[in-house]
Structure formats: structure tokens, C-alpha cells
Amino acid sequence: MSISANDQTAVAELARKYHLSEGAVAHLLDAIRRGNGTAAQFNHPELGGMGQWMASGMLMIGDWNNHALKATVAQLCADLVPLAARAAATSGGGFPAFPSFGADRPWWPVELGAASASGAQNSVRYAYFAAARRLALEIAGRVTVYDTLDHQISDVAQQQGAASTLSFRSQLGVVTPGQLPRVAEYDL
1424 MSISANDQTA
1434 VAELARKYHL
1444 SEGAVAHLLD
1454 AIRRGNGTAA
1464 QFNHPELGGM
1474 GQWMASGMLM
1484 IGDWNNHALK
1494 ATVAQLCADL
1504 VPLAARAAAT
1514 SGGGFPAFPS
1524 FGADRPWWPV
1534 ELGAASASGA
1544 QNSVRYAYFA
1554 AARRLALEIA
1564 GRVTVYDTLD
1574 HQISDVAQQQ
1584 GAASTLSFRS
1594 QLGVVTPGQL
1604 PRVAEYDL
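Residue numbers are given in this note's numbering: position 123 of the sequence shown equals residue 1546, and the series is strictly consecutive.
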């Protein structure tokens, strides 16, 4: 990731403010930039290990019981979004197209285009396409695409236990994939 001198100064200031290394702050800044300013998936020991953040307020870190660190990461993300937007604007006008995290090409159907948000929970990958009103899930190499109907998904959660399931929050409440119509299914 390329950081301008002004951005490097801001990264250093935020590192001091949050008692983190500049590397940790720069790592999160890069993740937010790759997430189009609305989401980030990261993996850094100072940030609680593997984690993900969404501008809607959802944040998960690997060190799930460390509430103080979670609050620090949440506030740091809020502080980094304007910096990420400024960096994107000065490098060519806006954020880059939203990539699927950690992949050279998306695992979802290409006709859905760029995901509004994407991420992973344990062994499940998900991608949400607001404009197309679609949700794609990949579990063990099997991709299922759902019609989100009138749901505008803003958050994701996974319930642990014997039946580990994903649920999504929308303006209409919580919805699970089983409540949505399947529109496609295929193996990767």
C-alpha cells in the first residue's frame, strides 16, 4: 500500500493516540481502502487477530472477549474512513472497485458485479449485492444465491452451537438465508 507523506503523518498520530504500532494502523487503513470505505477484513495481532468491520457498526475481532480492544478498533476504523476516502480521492477519484477479500477474482456469479459488502465467518463466505438485491453464500465449495426481497442488509452475525447459522440484520429486522428464496446454486 502506498501512503502519502500527509497520510503517514496521520497514521503516526493515530498510532500514538491508540497506543498501536504504525504498521497496525496502516494495515487497517489498507483494509478499509480495499473495502471501499464501508467494510474491512484484517488480520493483525495488535488488532485482535483476524477481524472484520462494517460501517453499519458491525465489528468482530479474533480476541472476541477483549471489549476494550474492540472499542479501540471500532473508533480507529471511524477515524480511518475519512483518511481512506481522502487517499482514494487524491489517487484517482474515489475508492477502487470493491474486491472480494483476499481473492484475485470473485467467487460469486460475475453478473452480480461488485459486492456492496463481503466477508467470512468461520467456514462461510458471504457477499451482498444491494443493487441486485442478492446475497451469495459459499460453504465448502457450494455457492448459493438468494433474493434478499425488500431486505437492505446492514450487518451479519453467526450463532454458535450445534447448528452454526448466519443471520443478517436489515431495516426489516433479522433474516436468515433459509427465509429467503434461492435463485441459484452451484459448485465452485
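Idealized CB from N, CA, C, for every residue including glycine.
For residue i, is the classification buried or exposed, using 16 other Cβ atoms within 10 angstroms of its Cβ as the cut-off for buried?
i: Thr-1571; result: buried
i: Leu-1395; result: Limits of the chain in this structure are 1424 at one end and 1611 at the other, which puts residue 1395 out of reach.
i: Ser-1541; result: buried
i: Leu-1470; result: buried
i: Phe-1591; result: buried
i: Glu-1436; result: exposed
i: Gly-1564; result: exposed
i: Ala-1433; result: buried
I need the straight-line Cα distance from residue i to residue j, nearest angstrom please.
i: Glu-1534; j: Glu-1608; result: 14 Å
i: Gly-1474; j: Pro-1529; result: 20 Å
i: Gly-1536; j: Asp-1486; result: 33 Å
i: His-1467; j: Ile-1426; result: 18 Å
i: Gly-1446; j: Leu-1492; result: 16 Å
i: Phe-1518; j: Gly-1601; result: Because Phe-1518 sits at a pLDDT of 43, beneath the cut-off of 50, its placement in the model cannot be relied upon, and the point is left open.
i: Leu-1452; j: Arg-1439; result: 15 Å
i: Asp-1573; j: Ser-1479; result: 18 Å
i: Gln-1544; j: Asn-1429; result: 35 Å
i: Gln-1498; j: Val-1504; result: 10 Å
If you compare alpha carbons, which of the options is closest to residue i?
i: Ile-1379; options: Ala-1553, Ala-1563, Pro-1600 and Cys-1500; result: Summary: the structure shown does not reach residue 1379, with the chain confined to residues 1424 through 1611, and so no result is reported for it.
i: Ala-1462; options: Met-1477, Thr-1495 and Asp-1573; result: Met-1477
i: Ala-1494; options: Ile-1562, Met-1481, Pro-1468 and Tyr-1549; result: Met-1481
i: Arg-1548; options: Ala-1433, Arg-1556, Ala-1555 and Trp-1531; result: Trp-1531
i: Gly-1580; options: Ile-1484, Ala-1538 and Leu-1506; result: Residue identity check: residue 1580 is Ala in the sequence provided, not Gly. Measuring from the Cα of Ala-1580, the nearest candidate turns out to be Ile-1484.
i: Val-1568; options: Arg-1605, Tyr-1441, Asn-1488 and Asn-1459; result: Arg-1605
i: Thr-1561; options: Phe-1552, Asp-1610 and Ala-1553; result: Checking the displayed sequence, the identity of residue 1561 turns out to be Glu instead of Thr. Glu-1561 has its Cα closest to that of Asp-1610, out of Phe-1552, Asp-1610 and Ala-1553.
Look up residue i in the DSSP assignment and give the residues it is bridged to.
i: Met-1477; result: Ala-1462
i: Gly-1389; result: Because the chain here runs from 1424 to 1611, residue 1389 falls outside it and cannot be looked at.
i: Arg-1565; result: Ile-1562 and Asp-1610
i: Val-1579; result: Phe-1591
i: Gly-1485; result: Answer is none; Gly-1485 lacks a bridge partner.
i: Gly-1471; result: Partner(s): none; Gly-1471 has no beta bridge.
State the DSSP-derived secondary structure class of residue i, mapped to helix, strand or coil.
i: Gln-1544; result: strand
i: Gly-1601; result: helix
i: His-1442; result: coil
i: Ala-1538; result: coil
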